[in-house]
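Trainee: Be aware that the sequence shown starts at 69, since it is given in the numbering used here, and climbs by one per residue.
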Amino acid sequence: MKKSKTGFFCQHCGYMSPKWLGKCPSCNGWNCFAEELIVDSGSDSRAEMNFDGKPQSIEDIPLTEGQRTVTGIVEIDRVLGGGIVGGSAILIGGEPGIGKSTLMLQMMHNLAQKGLKVLYVSGEESASQIKMRSERIGAVSKDLLVLVEISLEKILEQVKAVSPAVVVIDSIQTLYSGELMSAPGSVGQVRESSSRLILFSKKFGIPVFLVGHVTKDGSIAGPKVLEHMVDTVLYFEGDSSHTYRIVRGIKNRFGPTNEIGVFEMQEKGLKEVPNPSTFFPGGEAAKCCRFGCCSLSGRYKADPGGNSGSGQFHKFRNSASYGYRCRL
Ligand SMILES: Nc1ncnc2c1ncn2[C@@H]1O[C@H](COP(=O)(O)OP(=O)(O)OP(=O)(O)O)[C@@H](O)[C@H]1O
Ligand SMILES: [Mg+2]
């Protein structure tokens, strides 16, 4: 029998140390180390994911996996760079209650309406709670499958059996792998679950959305390393006292990151705001835009600088755009 090895992991940034440390040398966090099992990269569960690849000419590689699935939610499709790329892993982060599950359910409903079989996995709510929200927002379709599960192994088994067009995991912090001894939400569990889901999605060409909670300091709870592992990172932002929400791409291997999508949270769910510039310069939509600007052409664009301003709108100009910027 193989001997299990353990290490101490920073629960903020994922830094590993062979012994317990009071301060993390990587992120300078205090008292954030927890002992976790180190996963053997040659374990059976991972061996199963092997690609058995051989070098091949780039000319001979078929483009099937690069094809995009359009969700029909224009604001999301634009932020993704034109739809969901096959086999891609997309992390969608946001503060508690901002509307992540609502957005994912609406997107999955749209896909199901096109005749695609999609799987929404929740570890946070019961099936009837999900149904309640779906009824409220009108997202009930035959091809939208719901699975309430937190065991990574069981989820992978079901995804294999169903072979859906798109999978949503809501949320990555609730998952646990039986191969680790640490609790769900720990850096080891989040990293292991994500890495196996990402491998799975690449091998079978099934896009996977990972919903991730954001901590008070604005980082995805657990490991920052998650952002490096996935293809696309989207943040769902807004102010709980206002109804406007913004989806902002901060990393995209298949598209630009200077677009944002704007929504309004209503009783019936999230409604797209196709022309947010009508709310500027002092409108409600602007107030929920943390680092956004409105170009004179009329569309919001993410502000790559995004580090100035303090509660007021600031007129600014750079080589690419010209408009207003605000910061909460
Ligand atoms: N009846 C309603 N009318 C209007 N808005 C509602 C209604 N019910 C819920 N909401 C909005 O939906 C939000 C919750 O949405 P949702 O559960 O999708 O968020 P979440 O980001 O997934 O939350 P969590 O972090 O708890 O998983 C509430 O904060 C509220 O703004
Ligand atoms: Mg939720």
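Quick reminder that beta carbons are idealized off the backbone N, C-alpha and C, glycines included.
#1: Whose C-beta lies closer than 8 Å to the C-beta of Met172 among residues of the same chain, with five residues either side of it excluded?
#2: As a quick exercise: from Lys222, Glu203, Ile141 and Ala157, pick the residue whose alpha carbon is nearest that of Lys182.
#3: How is the beta strand (DSSP E) around Lys175 delimited, first residue to last?
#4: What's the C-alpha gap between Asn99 and Gly82?
#5: What separation, rounded to the nearest whole angstrom, lies between the Cα atoms of Thr74 and Ser245?
#6: For a quick check, are the C-beta atoms of Leu184 and Asp211 less than 8 Å apart?
#7: What ranges does the alpha helix (DSSP H) occupy inside the segment 258 to 343, keeping only unbroken runs of at least 4 residues that lie completely in it?
#8: Locate the alpha helix (DSSP H) running through Ser196, then write down its first and last residues.
#9: By the DSSP assignment, the alpha helix (DSSP H) with Ile144 in it spans what residues?
#10: With a threshold of 7 Å (Cβ to nearest heavy atom), would Ser169 be considered close to ligand 2?
#11: Hey, out of Asp299, Val298, Val186 and Val282, whose CA is closest to Lys168's CA?
#12: DSSP three-state call for Thr139: helix, strand or coil?
#13: Taking DSSP as the reference, what is the three-state secondary structure of Val153?
#14: When you compare the CB positions of Leu302 and Gly317, do they come within less than 8 Å of one another, or not?
#15: Tell me, which residues are paired with Leu159 by DSSP?
#16: Could you say which of Ser262, Gly191 and Gly150 lies nearest to Val138 if we only look at CA atoms?
#17: In angstroms with no decimal places, state the Cα-to-Cα distance between Glu260 and Leu148.
#18: Cα separation between Val330 and Val315?
#19: Measure the Cβ-Cβ separation of Val214 and Ser231 and say whether it is below 8 Å.
#20: Taking 7 Å as the cut-off, is the beta-carbon of Asp238 closer than that to any non-hydrogen atom of ligand 2?
#21: Less than 8 Å between the C-beta atoms of Glu192 and Glu340, yes or no?
#22: Is it buried or exposed for Gln79, if we count other Cβ within 10 angstroms and need 16 for buried?
#23: Output the distance between the C-alpha atoms of Gln135 and Thr300, rounded to the nearest integer angstrom.
#24: Rounded to whole angstroms, what is the Cα-Cα separation between Ile223 and Ala195?
#25: Excluding the 5 residues preceding and the 5 following Ala157 in the sequence, name in chain order all residues of the same chain whose CB lies nearer than 6 Å to its CB.
#26: Considering only residues of the segment 74 to 111, which uninterrupted beta strand (DSSP E) runs meet the minimum length of 3 residues and lie entirely inside it, listed in chain order?
#27: Let me know if Pro86 comes out buried or exposed under the rule of 16 or more other beta-carbons within 10 Å of its beta-carbon.
Mentor: On the basis of the coordinates in this document:
#1: Taking Met172 as the centre and dropping the five residues before and after it, the same chain places the C-beta of Ile160, Tyr188, Val236, Asp238, Phe277 and Val279 closer than 8 Å to its C-beta, in chain order.
#2: Looking only at Lys222, Glu203, Ile141 and Ala157, the smallest Cα-Cα distance to Lys182 is reached by Ile141.
#3: At residue 175 the sequence reads Met, which differs from the Lys that was named. The continuous stretches of beta strand (DSSP E) do not include Met175, which lies in the alpha helix (DSSP H) extending over residues Lys168 to Gln181.
#4: Per the coordinates, the alpha-carbon of Asn99 lies some 13 Å from the alpha-carbon of Gly82.
#5: Looking at the two C-alpha atoms, the distance is approximately 15 Å.
#6: Note that the C-beta distance between Leu184 and Asp211 is below 8 Å.
#7: Counting only runs of 4 or more, we get 293 to 297.
#8: It spans Ala195 to Ile205 - the alpha helix (DSSP H) in which Ser196 sits, taken as one unbroken run.
#9: Per DSSP, Ile144 belongs to the alpha helix (DSSP H) from Val142 to Leu148.
#10: Yes.
#11: The shortest C-alpha separation from Lys168 is found at Val282.
#12: It is coil, neither helix nor strand.
#13: Look at Val153 here: in three-state DSSP terms it is strand.
#14: Cβ distance < 8 Å, so Leu302 and Gly317 count as in contact.
#15: DSSP output for Leu159 lists Leu278 and Val301 as bridge partner(s).
#16: Relative to the Cα of Val138, the nearest Cα in the group Ser262, Gly191 and Gly150 belongs to Gly150.
#17: Glu260 and Leu148 have their C-alpha atoms some 25 Å from each other.
#18: Rounded to whole angstroms, Val330 to Val315 spans 6 Å at the Cα level.
#19: Not closer than 8 Å, so no.
#20: At least one heavy atom of ligand 2 sits closer than 7 Å to the Cβ of Asp238.
#21: Going by C-beta atoms, Glu192 is not nearer than 8 Å to Glu340.
#22: Buried.
#23: Their backbone Cα atoms lie some 16 Å apart in a straight line.
#24: So the alpha carbons of these two residues sit roughly 15 Å apart.
#25: Result list for Ala157: Ile266, Ser269, Val276, Val298 and Asp299, in chain order.
#26: Entirely contained in the segment 74 to 111, the beta strand (DSSP E) runs reaching 3 residues are, in chain order, 101 to 106.
#27: Classification for Pro86: exposed.
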